[in-house]
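Residue numbers (the UniProt record's numbering): 1 to 192. Worksheet: one structure, shown below.
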């Protein structure tokens, strides 16, 4: 009887024929893939639909993955491709849905007791959202992974298939572009 050696890679269980258990792999990578998809789409509404497309494409892959250690990078590329396809198919409708979603979020947000505090916080949030939305998708993606997922540069590099120094440089440039957009958006109106 041949002894089976457990895989040193945390990609989930495999069947006897060595195929990957996609439900386990997608459950493991799902959270950060959703963040990547969200960054590429620029809206939360299509994330589930694109994630479903990614899951279907992963299960129905044409060629088996040779190196299971690279499944994260392969899923990343698959998620980006499907996110871009989704954006293309949505077009103008995506912008309209996004506008309505933001209006609904603003109405349901709890207001602090002090109206001035609420107004300043609401304005700050609005400016940051506008500035982030104006960023190129790759900048938005890196910033969201860094600050919403609280990932280190090494974690981002491992998931996206980049070097840590490349991630640090890209984050530095993305932060600089975000600061420039915030400065531009926060300029007082000329007319007084």
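Glycine residues also receive a C-beta, built at the ideal position from the N, C-alpha and C atoms.
For residue i, which residues in the same chain have their Cβ closer than 6 Å to its Cβ, ignoring the five residues on either side in sequence?
{"i": "residue 161", "result": "73"}
{"i": "residue 181", "result": "131 and 134"}
{"i": "residue 143", "result": "174"}
{"i": "residue 153", "result": "164, 167 and 168"}
{"i": "residue 228", "result": "Since the first residue of the chain shown is 1 and the last is 192, residue 228 is not available in this structure."}
From what residue to what residue does the alpha helix (DSSP H) around residue i run?
{"i": "residue 180", "result": "164-185"}
{"i": "residue 42", "result": "Unbroken run through residue 42: none, as it is neither H nor E."}
{"i": "residue 121", "result": "115-134"}
{"i": "residue 61", "result": "Residue 61 -> no alpha helix (DSSP H), and no H or E assigned at all."}
{"i": "residue 89", "result": "71-90"}
{"i": "residue 156", "result": "153-160"}
Measuring straight from C-alpha to C-alpha, what distance separates residue i and residue j?
{"i": "residue 101", "j": "residue 44", "result": "9 Å"}
{"i": "residue 125", "j": "residue 119", "result": "10 Å"}
{"i": "residue 178", "j": "residue 139", "result": "9 Å"}
{"i": "residue 59", "j": "residue 146", "result": "29 Å"}
{"i": "residue 79", "j": "residue 137", "result": "13 Å"}
{"i": "residue 23", "j": "residue 29", "result": "10 Å"}
{"i": "residue 141", "j": "residue 57", "result": "22 Å"}
{"i": "residue 20", "j": "residue 61", "result": "11 Å"}
{"i": "residue 129", "j": "residue 65", "result": "38 Å"}
{"i": "residue 148", "j": "residue 123", "result": "20 Å"}
Could you pull out every residue in the same chain whose Cβ sits closer than 7 Å to the Cβ of residue i, ignoring the five residues on either side in sequence?
{"i": "residue 47", "result": "34, 37, 38 and 41"}
{"i": "residue 159", "result": "32, 72 and 76"}
Do residue j and residue i come within 7 Å of each other at the CB atom, strictly closer than that value?
{"i": "residue 82", "j": "residue 54", "result": "yes"}
{"i": "residue 185", "j": "residue 127", "result": "yes"}
Exposed or buried, which one is residue i when buried takes at least 16 other CB atoms within 10 Å?
{"i": "residue 68", "result": "buried"}
{"i": "residue 26", "result": "buried"}
{"i": "residue 11", "result": "Its pLDDT being 39, under 50, residue 11 is placed unreliably in this model, and the coordinates cannot settle the point."}
Considering only residues of the same chain and omitting the five flanking positions on each side of residue i, which have a CB-CB separation below 8 Å?
{"i": "residue 99", "result": "none"}
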